[in-house]
Amino acid sequence: ASVIGGGARNTATTNYATIGGGCTNTASGHAATVAGGYNNTAAGDYSFAAGLYAMATNYGAFVWSSGGEYTYSWGYNTFTVRAHGGARFYTASGTNTGVHLPAGGGAWSSLSDRNAKENFQPVDCHQILERVAALPITTWNYKTQPATIRHIGPIAQDFAAAFGVGEDDRCVSTVDAEGVALAAIKGLYEELQAEKARNEALEKRLAELERKLGKGGN
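Next comes the structure, spelled out in structure tokens:
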């Protein structure tokens with residue numbers, strides 16, 4: 006049996022298909038669900054659709070759409086979201102910790118507000134640079150992906166042992182990886198500036214020596 010909780014012009018055509026409400030929604034996959042909204046379709050078996058113009062056409066697919074145009078699932082057991090205004094994920098009881106994908110953006114922005122941080126400690130950038138130089142960097146593939154799909158980077162256990170940051174030694178946070186990279190760049194810049202100052206001092210001494218030798222030759 007199928008269930009339609011309310012709304013208007015909703016259609017649930019297969020066993021265990023469910024529509025919570027809304028208008029002009031269709032649940033045609035086995036045990037598929039449309040939570041509500043307008044003009045959504047859950048056609049894949051065990052799929053889920055909600056919002057406005059969400060089209061979950063694949064097995065086990067989840068689609069949330071904020072509308073504007075149709076948003077389709079892209080394969081079996083996939084998670085698809087269209088949020089025109091951006092997306093946020095909070096990881097604490099308040100709303101000041103998490104990540105943000107701005108509207109129209111292509112990369113996550115991580116919280117870095119000074120007011121959300123505490124226990125600041127200075128960093129020895131030269132030491133970070135030395136540890137980066139000693140950190141093994143390899144290419145590899147995840148066991149859950151084909152060997153032809155390669156990635157590059159450190160092993161989480163090596164990263165944690167070298168820098169002592171992060172929640173555990175199985176993951177590398179992008180915040181920590183970027184922080185280490187910036188600290189290493191700063192350490193390299195400071196070393197280059199020190200080397201530049203030494204070279205300038207040597208050039209000055211050499212010029213003075215040549216000047217004195219030139220006078221002696223006369």
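This note's numbering puts the sequence shown at residues 6 to 223.
No residue lacks a Cβ here, since even glycine has one placed at the ideal position from N, Cα and C.
**OP:** Just the C-alpha distance for S33 and M60, rounded to the nearest angstrom, thanks.
**Re:** 11 Å
Original post:
Which residues in the same chain have their Cβ closer than 8 Å to the Cβ of S78, if we skip the five residues on either side of it in sequence?
Top reply: G49, S52, M60, A61, T62, N63, A66, F67, V68, T85
Subject >> Coarse secondary structure for V137, derived from DSSP in three states >> reply: helix
Original post:
Hey, Y58 and A36 are a contact pair by Cβ (cut 8 Å); roughly how many whole angstroms apart?
Top reply: Contact doesn't hold; Cβ gap of about 22 Å is too wide.
Original post:
Hey, is I190's beta-carbon within less than 8 Å of any beta-carbon in chain C?
Top reply: The displayed structure is made up of one protein chain only, and chain C is not part of it.
**OP:** Tell me, please, which residues DSSP counts as bridged to V104.
**Re:** F94, S115
**OP:** Please confirm if the segment 185-201 is in contact with the segment 124-143, defined as three or more CB-CB distances below 8 Å between the two stretches.
**Re:** yes
**OP:** Using 10 angstroms around the beta-carbon of A152, count the other beta-carbons present and answer buried if the total reaches 16, otherwise exposed.
**Re:** exposed
Original post:
From A165 to Q126, what does the alpha carbon distance come to, in whole angstroms?
Top reply: 17 Å
Subject >> Beta-carbon gap between D181 and V170 smaller than 8 Å >> reply: The answer is yes: Cβ separation under 8 Å.
Original post:
Between the beta-carbon of T19 and the beta-carbon of T31, is there less than 8 Å?
Top reply: no
Original post:
Just how far apart, CA to CA, sit S117 and S98?
Top reply: 17 Å
Subject >> Those residues which DSSP pairs with H228 across a bridge >> reply: Limits of the chain in this structure are 6 at one end and 223 at the other, which puts residue 228 out of reach.
Original post:
Are L106 and G91 close, meaning C-beta to C-beta below 8 Å?
Top reply: yes
Subject >> Anticipated Cβ contact below 8 Å, T96 with R87, distance rounded >> reply: Between R87 and T96 the Cβ distance is about 23 Å, and since that is not below 8 Å, they are no contact.
Original post:
Secondary structure at A6, three-state DSSP: helix, strand or coil?
Top reply: coil
**OP:** Report the rounded CA-to-CA distance for E74 versus A54, giving the unit in angstroms.
**Re:** Roughly 14 Å between the two C-alpha positions.
Subject >> Identity of the residue in A138, R155, L140 nearest N146 by Cα >> reply: R155
Original post:
Could you give the residue range of the beta strand (DSSP E) that holds F125?
Top reply: F125 -> no beta strand (DSSP E), and no H or E assigned at all.
Original post:
Mapping DSSP to helix, strand and coil, what is R87?
Top reply: strand
Original post:
Grouping DSSP H, G and I as helix and E and B as strand, with all else coil, what is I142?
Top reply: In this structure, I142 counts as coil in the three-state DSSP scheme.
Original post:
Across which residues does DSSP place C176 in a beta bridge pair?
Top reply: C176 pairs with nothing; no bridge assigned.
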